[in-house]
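Residue numbers (the numbering used here): 125 to 251. All C-beta atoms, glycine included, are put in the ideal place defined by N, C-alpha and C. Okay, so here's the structure we're looking at.
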């Protein structure tokens, strides 16, 4: 009877130990799944932020290039070959067109899209 009680006790301890190990394994799996989900969320966020930074950087560089081009256009006196190129460029234009082109080239007037040429963001929302 004593052997039987020891055997039952050993079996019960083994069962409890196996259940505890199974529970630890289940908790590790849950933890690993949660960590993987968090890593995925972080990776997506980092990609979005990198894309946003690239767009901002491109806009800043475009604005800097535009300002540099305007500064160059406004610089006086111009070399003779540049003056000749400008005379050729503007010489064939009428007075109004020439004045407008010069204002645009100097950055005094900025071109914008016509209202019918603009893209409505709502057109893409349904996709």
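Tell me whether residue i sits in a helix, a strand or coil according to DSSP, three-state version.
i	result
residue 196	helix
residue 216	coil
residue 136	helix
residue 233	coil
residue 181	helix
residue 250	Reliability of the predicted coordinates at residue 250 is poor, the pLDDT of 49 falling under 50, and no value is obtained from them.
residue 238	coil
residue 125	coil
residue 202	coil
Check: Are the region 227 to 239 and the region 188 to 197 touching, with three or more C-beta to C-beta distances below 8 Å?
Finding: Result yes; three or more Cβ-Cβ pairs closer than 8 Å.
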